[in-house]
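Read through the structure below, which is laid out as structure tokens, and then see the notes.
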């Protein structure tokens, strides 16, 4: 092979290696984009929220480029398993069932399930108190599992998004809705103050709600899991996590 051709080949190979290295350090992260204040799409079409800011902080700590994309909740785990992205930062509760499909980091926040209903309603997370009631919940969530497992006498309507079941609550089609406590309190503050309230204490049953929200990673990528866990421990320790949390919530959701 002539020297010039050989040098050209080496140059192409070296260039390919650089591109591959750069690509390898670009972490594709999925979030839902329909779960404010944790993840949502703003007026300019950008993904925003607590989950998004945590993802960016982790990527900065790992010195990795981030590509954050929106993915509908129903297909979010299948998309990870098939390699459409590398991780999920979308307020996903860690459960034993989900662990069969993906790996999780340690929890990055912990919040319970809240039952929201009109202030004059007497429904509650107690035996018999939801019998015959029509309750809205986002499908394929731990909250849907909680209702199916503990309140089989309730009529459960499943929705694609939290926003849609809240709209039906406001229109009177539902007796109550079940969702993540912080999210539901935010909704009450903005849209239902004086009309709706959280009934009783949020449920923190680990069998349904899980250990908290974790970052999901493909089972074939243990290196990324370790990097994310290390970065998460760092931002929890150095104050970055607390600064992000304080910009969204007046109380702590820091994992125990």
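In this note's numbering, the protein residues as written are 1 to 256. Ideal placement from N, C-alpha and C gives every residue a C-beta, glycine not left out.
- Contact check for residue 215 and residue 236: beta-carbon distance about 13 Å, past the 8 Å limit, so the pair fails to qualify.
- Take the alpha-carbon of residue 212 and the one of residue 204: they are about 9 Å apart.
- Here residue 197 is bridged, per DSSP, to 117.
- Looking only at 61, 86, 31 and 42, the smallest Cα-Cα distance to residue 233 is reached by 61.
- For residue 136, the closest C-alpha among the options 151, 127, 158 and 209 is that of 158.
- By the Cβ test, the segment 182-200 is not in contact with the segment 72-79, since fewer than three Cβ pairs between them sit closer than 8 Å.
- Taking C-beta atoms as the reference points, residue 181 and residue 239 fail to come closer than 7 Å.
- When secondary structure is reduced to three states using DSSP, residue 221 falls in the coil class, being assigned neither helix nor strand.
- The beta carbon of residue 161 sits closer than 7 Å to those of 34 and 138, all from its chain and outside the five residues before and after it, given in chain order.
- Excluding five sequence positions before and after residue 210, the CB atoms of its chain that fall closer than 7 Å to its own CB belong to 93, 94, 95 and 142, given in chain order.
- As the crow flies, the alpha-carbon of residue 103 is around 18 Å from that of residue 208.
- In the assembly as shown, residue 165 is a buried residue. Its beta-carbon has 16 or more other beta-carbons within 10 Å.
- Residue 44: not part of any beta strand (DSSP E); DSSP gives it neither H nor E.
- When C-alpha distances from residue 176 are compared across 156, 37, 183 and 52, the shortest belongs to 156.
- If you keep only unbroken beta strand (DSSP E) runs of at least 3 residues inside the segment 78-123, you get 87-93 and 113-118.
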